[in-house]
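A.B. asks:
In the UniProt record's numbering, the protein residues as written are 1 to 542.
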């Protein structure tokens, strides 16, 4: 019976198993067919908010989700066609830029060599899912693109240490970024902006593979999550707005586009042992002083007749725009009634050597020129004594009036209490729009203030001129009761019976500038049909 029983059990299991599976399947089908099925809820996409829409369609581009983003398919196509060449150019730039950094470590810490074994950004370029242009009244251009890059890049760094070669490979980089790119300041020199400022408006998403000696260390789940979160957080901490990264483009930017940051007080005290330039054995010295990279007229002392040891004790104020690069230039001349004035000597003082708010007396050895190899500089030309004090403007946070008189964002401006104290009134004539003359359109702007007249350059044949020129007025007291007259004129070219004509003007009450510290606004021109002028005014005190 033992054998027969075992045989029957095997036969029973063989028949029972498929029969049980068949019965279970039938019951499953019967249950699902008789269960109440709810109708799906159908909603139009227009009723969904941005978060719900992003969950339903996570890859939807920004230009479709947000109406203020523009579609830039043409730019993506351009980048795709240019990517093979951009890839090589960017990689070569990376190699050249990092080569000096790598060379610093060769010979240290037993490192024999370090460099790139492989460097390519892959065949898939970044994709711009939308771009937004932000309009400001400042002299800048702000754009916010939505960038996604799922690239097949491969970057391998090889390190030779004690005759052993170690490699680290970065591959399959993915990055989702929302940067804010600011081009500022805009200047009339190619590429028309001096620097690029980059910041992030959202926390970035970064994913990548990392191999050490050929082993994929990112395959470890805990390490993968830790590295991804840490890198995203560090990038966000460094570059999330208002933190930013500035890339200078124009190193030799004209100081005319920079704003005043302080006042240099110069007292020309005396000189002694000057050269004898006149026939009677005397000289008629005077000092001419100016700041480098400044287009303003040089200031002069009085002339001391027939004196080789003159004393002046005369004070001057110079407007400083870049204390780190500008220098004070001092030239001594022998005054002549008829012929050209003879040069007695010169010397320069870097403003970076001055301590703010601290007076410094300097005795300068006069030389013929600043060429250290010129043998004429070995001749004793006398000495000049000056007292210098650099007073930077106070930096305070204040609201900026911009646009159509609406308050702008909080920004850093140079301002002080308007009740007392001398200072500098900076006027920047940015541009004008829709200015039209009856006989010609060659516009330029004229500023009339306290008897002084300043003019911009003439723009030929334009109804929308852009000057971007700055002017400064040094005042002994705040202009709380003053008005400034700014007029747009047109100047004829060639033969014309109408040499000049007015295209409109505006009279500005300066008490508003003193109280606000800074105003950046477009003003409608009086006696002009549709003309407006864009002006920036800053009141700065020390």
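Beta carbons are placed, not taken as given, at the ideal position from N, Cα and C, and that holds for glycine.
What you are looking at is a predicted structure, and each value in this text was computed from that prediction instead of being measured.
Between the C-alpha atoms of residue 101 and residue 157, what's the straight-line distance to the nearest angstrom?
C.D. replies: Reading the chain shown from its first residue, position 101 is the one you call residue 101. Reading the chain shown from its first residue, position 157 is the one you call residue 157. If you take the alpha carbons of residue 101 and residue 157, they lie about 13 Å apart.
A.B. asks: Return helix, strand or coil for residue 543, following the three-state DSSP convention.
C.D. replies: Residue 543 lies beyond the range of the chain shown here (1 to 542); nothing can be said about it.
A.B. asks: Compute the Euclidean distance between the alpha carbons of residue 321 and residue 161, then round it to the nearest angstrom.
C.D. replies: Locating residue 321 in the chain shown gives position 321, counting from the first residue. Locating residue 161 in the chain shown gives position 161, counting from the first residue. Distance between the alpha carbons of residue 321 and residue 161 is about 50 Å.
A.B. asks: Run through the DSSP bridge pairs and tell me what residue 423 is partnered with.
C.D. replies: Translated into positions along the chain shown, residue 423 becomes position 423. Residue 423 pairs with 475 and 541.
A.B. asks: Mind checking whether residue 318 and residue 264 have CB atoms under 9 Å apart?
C.D. replies: On the chain shown, position 318 is the one that residue 318 refers to. On the chain shown, position 264 is the one that residue 264 refers to. Against a cut-off of 9 Å, the Cβ pair of residue 264 and residue 318 comes out as a contact.
A.B. asks: Considering residue 511, what are the terminal residues of the alpha helix (DSSP H) in which it resides?
C.D. replies: Here residue 511 corresponds to residue number 511 of the chain shown, with the count starting at 1. Element bounds for residue 511: 511 to 516.
A.B. asks: Which partner residues does residue 482 have in the DSSP bridge list?
C.D. replies: As a working mapping, residue 482 is identified with position 482 in the chain shown. Per DSSP, none; premise fails for residue 482.
A.B. asks: Considering only the alpha carbon of each residue, which of 429, 288, 517 and 201 lies closest to residue 485?
C.D. replies: Here residue 485 refers to the residue found at position 485 of the chain shown. It is 429.
A.B. asks: Please classify residue 146: is it buried, with 16 or more other beta-carbons within 10 angstroms of its beta-carbon, or exposed?
C.D. replies: Here residue 146 corresponds to residue number 146 of the chain shown, with the count starting at 1. So residue 146 ends up on the buried side.
A.B. asks: Look up residue 359 in the DSSP assignment and say whether it is helix, strand or coil.
C.D. replies: Looking up residue 359 in the chain shown gives position 359. Three-state result, residue 359: coil.
A.B. asks: Do the stretch 105 to 114 and the stretch 72 to 79 touch if we need at least three Cβ pairs shorter than 8 Å?
C.D. replies: At 8 Å Cβ cutoff, the stretches do not touch.
A.B. asks: Taking the DSSP output, what are the residues bridged to residue 127?
C.D. replies: Within the chain shown, numbered from 1, the residue matching residue 127 stands at position 127. Looking at the DSSP assignment, residue 127 forms a beta bridge with 148.
A.B. asks: State the start and end residues of the unbroken beta strand (DSSP E) segment that holds residue 175.
C.D. replies: Locating residue 175 in the chain shown gives position 175, counting from the first residue. Note, residue 175: beta strand (DSSP E), 164 to 177.
A.B. asks: Could you check whether residue 89 and residue 124 sit closer than 9 Å to each other, using their CB atoms as the reference points?
C.D. replies: Here residue 124 is taken as the residue at index 124 of the chain shown, counted from 1. Here residue 89 is taken as the residue at index 89 of the chain shown, counted from 1. No, the Cβ-Cβ distance between residue 124 and residue 89 is not below 9 Å.
A.B. asks: Would you call the stretch 322 to 339 and the stretch 467 to 487 in contact, with 3 or more CB pairs under 8 Å?
C.D. replies: Contact fails: fewer than three Cβ-Cβ distances are below 8 Å.
A.B. asks: Where does residue 474 land, buried or exposed, given buried means 16+ other C-beta within 10 angstroms?
C.D. replies: Indexing the chain shown from 1 puts residue 474 at position 474. When all chains shown are included, residue 474 counts as exposed.
A.B. asks: Count the C-beta pairs between the stretch 341 to 361 and the stretch 381 to 390 that are closer than 8 Å, then say yes if the count reaches three, no if not.
C.D. replies: Segments in contact, yes.
A.B. asks: Starting from the C-beta of residue 216, find all residues in its chain whose C-beta is less than 7 Å away, skip the five residues before and the five after it, and write them out in chain order.
C.D. replies: Counting from one through the chain shown, the residue named residue 216 turns up at place 216. For residue 216, where only same-chain residues beyond five positions count, the Cβ hits under 7 Å are 209.
A.B. asks: Is it the case that the Cβ atoms of residue 441 and residue 462 are separated by a distance below 9 Å?
C.D. replies: Mapped onto the chain shown, residue 441 falls at position 441. Mapped onto the chain shown, residue 462 falls at position 462. Going by C-beta atoms, residue 441 is nearer than 9 Å to residue 462.
A.B. asks: Hey, out of 337, 332 and 353, whose CA is closest to residue 347's CA?
C.D. replies: Indexing the chain shown from 1 puts residue 347 at position 347. If we check each option's Cα against that of residue 347, 332 comes out closest.
A.B. asks: Rounded to whole angstroms, what's the CA-CA distance from residue 182 to residue 91? Just pull it up for me.
C.D. replies: As a working mapping, residue 182 is identified with position 182 in the chain shown. As a working mapping, residue 91 is identified with position 91 in the chain shown. Roughly 24 Å separates the two Cα atoms.
A.B. asks: Kindly list the residues whose CB is nearer than 7 Å to the CB of residue 262, restricted to its own chain and excluding five residues on each side of it in sequence; keep chain order.
C.D. replies: Translated into positions along the chain shown, residue 262 becomes position 262. Excluding residues within five positions, the ones whose Cβ falls inside 7 Å are 320, 323, 390, 391, 392, 393 and 542.
A.B. asks: By Cβ distance below 7 Å, which residues in the same chain neighbour residue 523 in space, the five residues on each side in sequence not counted?
C.D. replies: Here residue 523 is taken as the residue at index 523 of the chain shown, counted from 1. So the qualifying residues of the chain are 506, 532, 533 and 535.
A.B. asks: Please say whether residue 87 and residue 121 have beta carbons closer to each other than 9 Å?
C.D. replies: For the purposes of this step, residue 121 is taken as residue 121 along the chain shown, with counting starting at 1. For the purposes of this step, residue 87 is taken as residue 87 along the chain shown, with counting starting at 1. The answer is yes: Cβ separation under 9 Å.
A.B. asks: How big is the Cα-Cα spacing for residue 185 and residue 132?
C.D. replies: By 1-based counting over the chain shown, the position of residue 185 is 185. By 1-based counting over the chain shown, the position of residue 132 is 132. Near 19 Å, if we compare the C-alpha coordinates of residue 132 and residue 185.
A.B. asks: Between the Cα of residue 471 and those of 491, 483 and 445, spot the shortest distance and give me the residue it belongs to.
C.D. replies: Along the chain shown, one-based indexing puts residue 471 at 471. The shortest Cα separation from residue 471 among 491, 483 and 445 belongs to 445.
A.B. asks: Got a sec, what are the start and stop residues for the beta strand (DSSP E) residue 318 sits in?
C.D. replies: Indexing the chain shown from 1 puts residue 318 at position 318. Note, residue 318: beta strand (DSSP E), 311 to 320.
A.B. asks: Taking only three categories from DSSP, how would you classify residue 234?
C.D. replies: As a first step, residue 234 must be located in the chain shown, where it is residue number 234. Residue 234: helix per DSSP, three-state reduction.
A.B. asks: In the structure shown, what three-state DSSP assignment does residue 371 receive?
C.D. replies: Here residue 371 refers to the residue found at position 371 of the chain shown. Residue 371: coil per DSSP, three-state reduction.
A.B. asks: Please identify the residue among 247, 233 and 310 whose C-alpha is closest to the C-alpha of residue 276.
C.D. replies: Translated into the one-based positions of the chain shown, residue 276 becomes position 276. That would be 310, whose Cα lies nearest to the Cα of residue 276.
A.B. asks: May I ask you to report which of helix, strand or coil DSSP gives residue 85?
C.D. replies: If you number the chain shown from 1, residue 85 lands on position 85. Helix.
A.B. asks: Please look up how many angstroms separate the CB atoms of residue 368 and residue 376, rounded, as I've assumed it's under 8 Å.
C.D. replies: In the chain shown, the residue the question calls residue 368 occupies position 368. In the chain shown, the residue the question calls residue 376 occupies position 376. At roughly 4 Å, the Cβ-Cβ gap stays under 8 Å, so residue 368 and residue 376 are in contact.
A.B. asks: Could you pull the start and end residues of the beta strand (DSSP E) that residue 207 belongs to?
C.D. replies: Within the chain shown, numbered from 1, the residue matching residue 207 stands at position 207. From DSSP, the beta strand (DSSP E) with residue 207 extends over 205 to 212.
A.B. asks: DSSP state of residue 463, grouped into three classes?
C.D. replies: As a first step, residue 463 must be located in the chain shown, where it is residue number 463. Correct three-state label for residue 463: coil.
A.B. asks: Using only CA atoms, which one of 116, 77, 136 and 355 lies nearest to residue 543?
C.D. replies: With the chain covering only 1 through 542, there is no way to say anything about residue 543.
A.B. asks: Would a C-beta distance cut-off of 9 Å place residue 174 and residue 205 closer than the cut-off?
C.D. replies: In the chain shown, counting from the first residue as 1, residue 174 sits at position 174. In the chain shown, counting from the first residue as 1, residue 205 sits at position 205. Yes, the pair counts as a contact, with Cβ atoms nearer than the cut-off.
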